[in-house]
Amino acid sequence: MIMKENNINKTIELTSLYDYYKKLLTDKQKKYFELYFFEDLTLHEISLDMSVSRNAVYDSISKTIATLNDLEKNLKLYKKSNIIKEKIEEYQKNKISKEDFISFIEGVV
């Protein structure tokens, strides 16, 4: 298997990256990724459904994972989004001042 069974936290992070960057993927990459990670189909099942070899499915999903990781490495949208969410939560719980929150937001933009 690719990653799904090895580390649940990594799979959760990967599916989150997919949510951020899926518009940058090809239709085939999206289809295979969704069937494997969201529909929980095996590589064999996907290969039968799509009339391709199991290895072709494996290669496509592996390349999609690499693409998602490269996009995050370069753009850091997922990481920045999580940091912003944390700061908003801190501000809402009065853990940081309005001035500190504004300063943070200005630094991000």
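Sequential numbering from 1132 applies to the sequence shown in the working numbering.
Glycine included, every Cβ here is placed at the ideal spot set by N, Cα and C.
- Within 10 angstroms of its Cβ, does Thr1195 collect 16 or more other Cβ (buried), or is it exposed? Residue mapping note: residue 1195 aligns to position 64 of the sequence shown, counting from 1. So Thr1195 ends up on the buried side.
- Close beta carbons around Lys1153, own chain, < 7 Å, minus the five adjacent residues each side: Residue mapping note: residue 1153 aligns to position 22 of the sequence shown, counting from 1. Lys1161.
- What residue does the alpha helix (DSSP H) around Glu1237 start on, and which one ends it? Residue mapping note: residue 1237 aligns to position 106 of the sequence shown, counting from 1. Lys1229 to Val1239 is the extent of the alpha helix (DSSP H) around Glu1237.
- Skipping 5 residues on each side, what residues in its chain have a beta carbon closer than 6 Å to that of Leu1202? Mapped onto the sequence shown, residue 1202 falls at position 71. Only Tyr1152 meet the Cβ criterion.
- Query: Thinking C-beta only, is Phe1169 closer than 9 Å to Thr1198?
  - Reply: Numbered from 1 along the sequence shown, position 67 holds the residue referred to as residue 1198. Numbered from 1 along the sequence shown, position 38 holds the residue referred to as residue 1169. It is not a contact, given that the beta carbons lie outside the stated cut-off.
- Query: Which whole-angstrom value describes the C-beta separation of Tyr1163 and Ser1182, a residue pair presumed to lie in contact below a C-beta threshold of 8 Å?
  - Reply: On the sequence shown, residue 1163 is found 32 positions in, with the first residue counted as 1. On the sequence shown, residue 1182 is found 51 positions in, with the first residue counted as 1. Between Ser1182 and Tyr1163 the Cβ distance is about 13 Å, and since that is not below 8 Å, they are no contact.
- Query: Residues in its own chain within less than 7 Å of Ile1177 by CB, not counting five upstream and five downstream?
  - Reply: Stepping through the sequence shown from its first residue, residue 1177 is reached at position 46. Closer than 7 Å at Cβ, skipping near neighbours: Tyr1163, Leu1166, Tyr1167 and Val1188.
- Through-space distance from Asn1140 to Thr1157, alpha-carbon basis: If you number the sequence shown from 1, residue 1157 lands on position 26. If you number the sequence shown from 1, residue 1140 lands on position 9. C-alpha separation (whole angstroms): 25 Å.
- Query: So is Leu1174 buried or exposed if we call it buried at 16+ other beta carbons inside 10 Å?
  - Reply: Here residue 1174 is taken as the residue at index 43 of the sequence shown, counted from 1. Answer is buried; the Cβ neighbour count reaches 16.
- Message: I'd like to check one pair, Glu1144 with Tyr1299: are the Cβ atoms closer than 9 Å?
- Response: Outside the shown range of the chain (1132 to 1240) lies residue 1299, about which nothing can therefore be said.
- Taking Cβ positions only, does Asp1150 come closer than 9 Å to chain B? In the structure shown, chain B does not exist; there is a single protein chain.
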